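Set out below in structure tokens:
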């Protein structure tokens with residue numbers, strides 16, 4: 034049985050491209066089960082800015098990506114992978130035209146942060162052991178009331194982030 | 034002459050809608066001469082986030098608005114006018130599609146912060162006496178090399194901000 038377990042882990046490692054180094058042997062079921070974070074980090078709204086972005090299409094949001102001090106330090110020093118304890122967060126608001134700005138400018142060109150989106154807050158929390166099954170990052174997502182996104186939807190996080198393993202699974206680059 | 038000066042101030046106040054309370058009488062020439070700030074505030078990149086925005090059209094930028102601690106506290110408490118020492122800053126990057134994000138998502142929808150724009154950094158510094166001629170705010174603007182924007186262009190700051198005197202001349206609202 035022990036031999037069989039190792040074989041399954043080896044196959045999973047090859048197939049998924051995930052390096053499970055220095056972790057004790059576990060069952061295959063444990064390896065692939067993602068663990069989702071259910072708490073919003075304290076004080077995230079005070080964190081420093083990583084960058085900003087606009088997702089058009091169905092998302093139609095404008096977003097800020099923030100980092101806790103560990104993540105910001107790693108970003109600024111170009112340190113990868115991100116150290117343990119790093120948290121990268123993003124806040125997404127609906128991307129809405131600002132009538133008051135446009136009126137003042139005399140041009141229809143200004144878009145601002147509207148109401149919180151369905152997936153208002155999302156965080157990636159670095160803990161290589163706890164979240165080994167998802168590249169060392171735990172994923173979380175919350176609506177404007179702090180209610181976690183349901184687990185079925187959360188299962189789509191890692192498959193997408195996994196495609197950018199060479200950037201330690203983090204999409205956002207630091208804006209200079 | 035003293036009476037004439039007061040009359041000019043009174044006329045300017047009525048015409049421009051600017052309240053010059055508790056300031057010593059000065060000549061009309063002094064009242065209307067704008068003073069531009071020529072230094073970038075230390076540590077602005079560490080400031081907390083006020084909001085994000087996208088200016089389309091000729092500007093075509095995506096921007097973050099940050100505030101120093103005095104400004105953020107006033108924003109969060111809804112305190113207006115902003116207290117002395119408040120600084121509101123904004124960083125503007127070109128609004129560019131992210132090919133790497135779009136490729137990963139399988140959808141052309143992601144826009145990120147590109148290179149710094151011509152008016153990369155702009156700040157409003159609250160000093161009611163020093164900047165009495167421009168509503169109590171000093172204005173500054175810098176390119177990516179820290180070079181201040183020329184004074185001719187700076188003269189367009191206040192006429193636009195003056196239109197929103199009821200918001201203490203500040204366009205950006207705090208994003209909840």
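Residue numbers (the numbering used here), protein chains in the order written: chain A, 34 to 209; chain B, 34 to 209. Note that beta-carbon positions come from the ideal geometry of N, C-alpha and C, so glycine has one too. Remember, predicted model here, so these are calculated numbers, not experimental data.
Name, please, each residue of chain A whose Cβ falls closer than 9 Å to the Cβ of residue 199 of chain B.
The premise fails here: residue 199 of chain B is roughly 11 Å from chain A at the closest Cβ pair, so nothing lies under 9 Å.
Is the beta carbon of residue 108 of chain B sitting closer than 8 Å to the one on residue 100 of chain B?
yes
Put residue 151 of chain B into one of helix, strand or coil per three-state DSSP.
Residue state for residue 151 of chain B is assigned as strand, using DSSP reduced to three classes.
What did DSSP end up calling residue 208 of chain B once you bin it into helix, strand or coil?
Per DSSP, reduced to three states, the secondary structure at residue 208 of chain B is coil, with no helix or strand assignment.
The beta strand (DSSP E) spanning residue 202 of chain B covers which residue range?
Segment: none, residue 202 of chain B is in no beta strand (DSSP E) and carries neither H nor E.
Chain B contact for residue 61 of chain A (CB, 8 Å cutoff):
Since pLDDT at residue 61 of chain A reaches only 48, below the 50 mark, its modelled position is unreliable, and the value read off the structure follows with that caveat. Answer no: the Cβ-Cβ gap between residue 61 of chain A and chain B never drops below 8 Å.
Give the DSSP-derived three-state secondary structure of residue 194 of chain B in the structure shown.
In this structure, residue 194 of chain B counts as helix in the three-state DSSP scheme.
Residue 52 of chain B to residue 181 of chain B span [Cα, whole Å]:
Its pLDDT being 36, under 50, residue 52 of chain B is placed unreliably by the model, and the measurement read from it follows with that caveat. Distance between the alpha carbons of residue 52 of chain B and residue 181 of chain B is about 28 Å.
Starting from the N-terminal side, write out each stretch of the beta strand (DSSP E) that is 3 residues or longer and does not extend beyond the segment 63-128 of chain A.
81-88, 94-100
Near residue 54 of chain A, what residues of its chain come up, given a Cβ to Cβ distance below 8 Å and the 5 sequence neighbours on each side ignored?
At residue 54 of chain A the pLDDT is 38, less than 50, meaning the model places this residue with poor confidence and gives no usable figure here.
What residue from A/205, A/72, A/188, A/67 has the CA that sits closest to residue 146 of chain B's CA?
A/205
Which bits of chain A does residue 79 of chain B rub up against, with CB to CB less than 7 Å?
By Cβ distance, chain A contributes 81.
Any contact between the segment 148-161 of chain A and the segment 173-191 of chain A? By contact I mean 3 or more CB pairs, one from each, below 8 Å.
By the Cβ test, the segment 148-161 of chain A is in contact with the segment 173-191 of chain A, since at least three Cβ pairs between them sit closer than 8 Å.
Alpha carbon to alpha carbon, how far is residue 158 of chain A from residue 123 of chain A? Give it in angstroms, no decimals.
12 Å
By the DSSP assignment, the alpha helix (DSSP H) with residue 137 of chain A in it spans what residues?
132-138
So which residues of chain B does residue 208 of chain A contact, with C-beta pairs closer than 7 Å?
126, 146
With distance defined between alpha-carbon atoms, name the residue in A/128, A/176, A/165, A/137 nearest to residue 93 of chain A.
A/128
Does the Cβ of residue 167 of chain A have 16 or more other Cβ atoms within 10 Å, making it buried, or fewer, making it exposed?
buried
Run the CB neighbour count on residue 171 of chain A, radius 10 Å, all protein chains shown included, and call it buried at 16 or more, exposed below.
When all chains shown are included, residue 171 of chain A counts as buried.
CA-CA distance, residue 165 of chain A and residue 84 of chain A?
27 Å
Give, in chain order, every residue of the segment 93-125 of chain B whose Cβ lies closer than 8 Å to some Cβ of chain A.
95, 96, 97, 99, 124
Who are the neighbours of residue 193 of chain B on chain A, taking C-beta pairs under 9 Å?
137, 138
Residues bridged to residue 159 of chain B [DSSP beta-bridge criterion]:
B/170
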